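Enquirer:
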């Protein structure tokens, strides 16, 4: 994207830590900041503003380099989704305000590129710190809800979604809480099975993962359960870790025991609840798409499935991929899949890179959880930036330049 601040190490160091602060707030802010506007303001100031200044600087000094093909595909996706707001109907937000969200996402990608390209160790440190803070919030929630308030451990008797003290660590809905903590747990597990890490670090990260996994389990968000298991398996395959395979075996055994204990409930999930009412929502989606398949209804057009009870309304399609078609058509879905394909191809070629070994399982988690739960990823700073855009931006930013000797396995 450009030469980094005239290659001045002082600027790299200072800017790296400013960006790191913004990224830390983005990932962990809900645990310790109760105001959403305060969180977003800090993300704008510490993460997006430096990226904007950087872009202006490299363009003004004519030192910009053309980005890779994958960046162009994702830029096309953001532009098309922004344009689709022009033909929306009934939107509560004007098209320009929606388009600005695409600009924010683009600046976020630039910010992550700056941080990963110039200070990969700083990125790992801030990521590790943020994951630990989220895990501490999860631990406090487990303690307060199940020990202090004595909530029931019976299946689905109580679903976690908040700490319960003010607005700290408040994710509002169990599914949202499960998705977010599952994404963080996927990073923690990849750090735990890193073969280049010491045994002490591996134990610490496994404890962090166990806390996060327990939180995810007790949200009863089934999509997050499946996605987290898949991301853990991918992390083990990438790292080729004996510890990872041992842990996976233990986890499988624990899962089988839990399945036996909850047998009746799980059979009810499989045979009765199945998709938890998503089928009629998806049927409504297909019935509403006549004549709008190519370009969609327009970003911002309300999606409203009214349930037979006359009271409940589902405001989104309960699938990112279907919602994407509803908003911006098959063109947007095609660009989304093309961008993912480009990133996957790059990640496979660089699968021995330490950051790829960390980020690819997290992206795998996001792709699976988006099948049934995520509504939109074209948003202002929030949970979906951590779930989807963060691993994607890291994989886009990873470069072979100057990193040829770094590997996430000791022996291949």
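In UniProt numbering, the protein residues as written are 1 to 412. For glycine and all other residues, C-beta sits at the position ideal for the given N, C-alpha and C. Keep in mind it's a predicted model, so treat the numbers as computed, not measured.
(1) For residue 29, which residues of its own chain have a beta-carbon under 6 angstroms away from its beta-carbon, when the five flanking residues on both sides are left out?
(2) Quick check on DSSP: helix, strand or coil for residue 231?
(3) In terms of residue numbering, what span does the alpha helix (DSSP H) encompassing residue 285 cover?
(4) By DSSP, does residue 314 sit in helix, in strand, or in coil?
(5) Taking DSSP as the reference, what is the three-state secondary structure of residue 352?
(6) Can you tell which of 322, 248, 264 has the C-alpha that lies nearest to the C-alpha of residue 284?
(7) Identify the residues that DSSP records as bridge partners of residue 162: which are they?
(8) Do the CB positions of residue 361 and residue 235 come within less than 8 angstroms of each other?
(9) Cα-Cα, which of 91, 241, 25, 11 is closest to residue 299?
(10) Cβ of residue 373 within 8 angstroms of Cβ of residue 175?
(11) If you run the structure through DSSP and keep just helix, strand and coil, what is residue 220?
(12) Mind reading off the beta-carbon distance from residue 394 to residue 355? Whole number of angstroms is fine, and I expect it under 8 angstroms.
(13) Going by the DSSP bridge assignment, what does residue 306 pair with across the sheet?
(14) Between residue 294 and residue 281, what straight-line distance do the alpha-carbon atoms span, to the nearest angstrom?
(15) Spatial neighbours of residue 70 within its chain, please: CB distance less than 7 angstroms, with the 5 preceding and 5 following residues excluded, ordered by chain position.
(16) Would you tell me roughly how many angstroms separate the C-alpha atoms of residue 37 and residue 26, rounded to the nearest one?
(17) If I measure Cβ to Cβ from residue 108 and keep anything under 8 angstroms in the same chain, skipping five residues before and after, which residues do I get?
(18) Cα-Cα, which of 211, 218, 364 is closest to residue 237?
(19) For residue 3, does the count of other Cβ atoms within 10 angstroms reach 16, so buried, or fall short, so exposed?
(20) Please state if the CB of residue 101 and the CB of residue 378 are separated by a distance shorter than 8 angstroms.
(21) Quick one: is residue 54 buried, meaning 16 or more other Cβ sit within 10 Å of its Cβ, or exposed?
(22) Assign residue 186 to one of three DSSP states: helix, strand, or coil.
(23) Quick one: any contact between the region 181-196 and the region 220-231, if contact means 3 or more CB pairs under 8 angstroms?
(24) Which ranges does the alpha helix (DSSP H) cover as unbroken runs of at least 4 residues, wholly within the region 70-121, from first to last along the chain?
(25) Which class does residue 299 belong to by DSSP, given the choice of helix, strand or coil?
(26) Counting C-beta neighbours from all protein chains within 10 Å, is the total for residue 150 16 or more, i.e. buried, or is it exposed?
(27) What residue range does the alpha helix (DSSP H) around residue 33 cover?
(28) Use the C-beta contact count for residue 220: other C-beta atoms within 10 angstroms, 16 or more gives buried, fewer gives exposed.
(29) Cβ atoms of residue 34 and residue 189: under 8 angstroms apart, would you say?
(30) State the Cα-Cα distance for the pair residue 56 and residue 122, rounded to the nearest angstrom.
(31) Thinking residue 134 and residue 204 are a contact (beta carbons under 8 angstroms), I'd like their distance in whole angstroms, please.
(32) If you reduce the DSSP assignment to three classes, tell me which class residue 264 lands in.
(33) Which of the three DSSP states is assigned to residue 391 in this structure?
(34) CB-CB under 6 angstroms to residue 95, same chain, minus the five flanking residues each way: which ones, in chain order?
(35) Taking just the CA atoms, how far does residue 132 sit from residue 192?
(36) Let me know if residue 335 comes out buried or exposed under the rule of 16 or more other beta-carbons within 10 Å of its beta-carbon.
Expert: In short, the structure shows the following:
(1) Working through the chain shown from its first residue, we reach residue 29 at position 29. The beta carbon of residue 29 lies closer than 6 angstroms to those of 39 in the same chain, with the five residues before and after it left out.
(2) Here residue 231 corresponds to residue number 231 of the chain shown, with the count starting at 1. DSSP places residue 231 in helix when its eight states are reduced to three.
(3) Here residue 285 corresponds to residue number 285 of the chain shown, with the count starting at 1. The continuous alpha helix (DSSP H) containing residue 285 extends over residues 278-288.
(4) Mapped onto the chain shown, residue 314 falls at position 314. Three-state result, residue 314: strand.
(5) Position 352 of the chain shown, counted from the start, is the residue given in the question as residue 352. DSSP places residue 352 in the coil class of the three-state scheme, outside both helix and strand.
(6) Position 284 of the chain shown, counted from the first residue, corresponds to residue 284. Of 322, 248, 264, the residue nearest in Cα terms is 322.
(7) Residue numbering aside, residue 162 sits at position 162 when the chain shown is read from its first letter. DSSP output for residue 162 lists 170 as bridge partner(s).
(8) Within the chain shown, the letter at position 361 stands for residue 361. Within the chain shown, the letter at position 235 stands for residue 235. Annotated as proximal: residue 361 and residue 235, with beta-carbon spacing under 8 angstroms.
(9) As a working mapping, residue 299 is identified with position 299 in the chain shown. Checking every option, the nearest Cα to that of residue 299 belongs to 91.
(10) Here residue 373 refers to the residue found at position 373 when the chain shown is read from its first residue. Here residue 175 refers to the residue found at position 175 when the chain shown is read from its first residue. Cβ atoms of residue 373 and residue 175: closer than 8 angstroms.
(11) Within the chain shown, residue 220 is the residue found at index 220, counting from 1. Three-state DSSP puts residue 220 in coil, outside helix and strand.
(12) Along the chain shown, read from residue 1 onward, the residue named residue 394 stands at position 394. Along the chain shown, read from residue 1 onward, the residue named residue 355 stands at position 355. The beta-carbon distance between residue 394 and residue 355, rounded to whole angstroms, is 6 angstroms. This is short enough to meet the 8 angstroms contact definition.
(13) To locate residue 306, count along the chain shown from 1; it is residue 306. Checking the DSSP bridge columns, you'll see residue 306 partnered with 313.
(14) Sequence index remark: in the chain shown, residue 294 carries index 294 (1-based). Sequence index remark: in the chain shown, residue 281 carries index 281 (1-based). Rounded to whole angstroms, the gap between the alpha carbons of residue 294 and residue 281 is 20 angstroms.
(15) What you label residue 70 is simply residue 70 of the chain shown in a count that begins at 1. Excluding the 5 residues flanking it on each side, residue 70 has same chain C-beta neighbours closer than 7 angstroms at 339, 342, 343, 346, 396, in chain order.
(16) Taking the first residue of the chain shown as 1, we reach residue 37 at position 37. Taking the first residue of the chain shown as 1, we reach residue 26 at position 26. Between the alpha carbons of residue 37 and residue 26 lies a gap of roughly 12 angstroms.
(17) The residue given as residue 108 occupies position 108 in the chain shown. In chain order, 47, 48, 51, 381, 385, 389, 393 place their CB closer than 8 angstroms to the CB of residue 108, counting only its own chain and leaving out the 5 sequence neighbours on each side.
(18) Position 237 of the chain shown, counted from the start, is the residue given in the question as residue 237. Nearest C-alpha to residue 237: 364.
(19) On the chain shown, residue 3 is found 3 positions in, with the first residue counted as 1. Any reading at residue 3 must be qualified, since the residue scores a pLDDT of 48, below 50, and its modelled position is unreliable; the value itself is stated next. Sixteen is the threshold: since fewer than 16 other Cβ atoms of the shown chains lie within 10 Å of the Cβ of residue 3, the residue is exposed.
(20) Taking the chain shown and counting its residues from 1, one reaches residue 378 at position 378. Taking the chain shown and counting its residues from 1, one reaches residue 101 at position 101. If you check the CB distance, residue 378 and residue 101 come in under 8 angstroms.
(21) By one-based count along the chain shown, residue 54 stands at place 54. A residue is called buried when at least 16 other Cβ atoms come within 10 angstroms of its Cβ; residue 54 meets this threshold and is buried.
(22) Within the chain shown, numbered from 1, the residue matching residue 186 stands at position 186. Helix.
(23) The region 181-196 vs the region 220-231: in contact.
(24) Counting whole runs of 4 or more residues, the region 70-121 contains the alpha helix (DSSP H) stretches 95-118.
(25) Along the chain shown, one-based indexing puts residue 299 at 299. In this structure, DSSP gives residue 299 a state outside helix and strand, which the three-state scheme calls coil.
(26) As a working note, residue 150 is residue 150 in the chain shown. Counting the other Cβ atoms within 10 Å of the Cβ of residue 150 gives fewer than 16, which makes it exposed.
(27) Taking the first residue of the chain shown as position 1, residue 33 is located at position 33. Where residue 33 is concerned, there is no enclosing alpha helix (DSSP H), given that its DSSP letter is neither H nor E.
(28) Position 220 of the chain shown, counting from 1, holds the residue named residue 220. Result: buried.
(29) Your numbering for residue 189 matches position 189 in the chain shown. Your numbering for residue 34 matches position 34 in the chain shown. No, the pair does not count as a contact, with Cβ atoms beyond the cut-off.
(30) Counting from one through the chain shown, the residue named residue 56 turns up at place 56. Counting from one through the chain shown, the residue named residue 122 turns up at place 122. Taking the straight line joining both Cα atoms gives about 24 angstroms.
(31) Here the question's residue 134 lines up with position 134 in the chain shown. Here the question's residue 204 lines up with position 204 in the chain shown. The pair is not a contact, with the Cβ atoms about 15 angstroms apart (cut-off 8 angstroms).
(32) The sequence position of residue 264 within the chain shown is 264, counting from 1. In the three-state reduction of the DSSP assignment, residue 264 falls in the helix class.
(33) Taking the chain shown and counting its residues from 1, the one referred to as residue 391 is at position 391. Residue 391 falls in the helix class under three-state DSSP.
(34) For the purposes of this step, residue 95 is identified with residue 95 of the chain shown, where counting begins at 1. Result list for residue 95: 85, 86, in chain order.
(35) Position 192 of the chain shown holds residue 192. Position 132 of the chain shown holds residue 132. Rounded to the nearest angstrom, the two C-alpha atoms are 12 angstroms apart.
(36) Residue mapping note: residue 335 aligns to position 335 of the chain shown, counting from 1. Buried, because 16 or more other Cβ atoms sit within 10 Å of the Cβ of residue 335.
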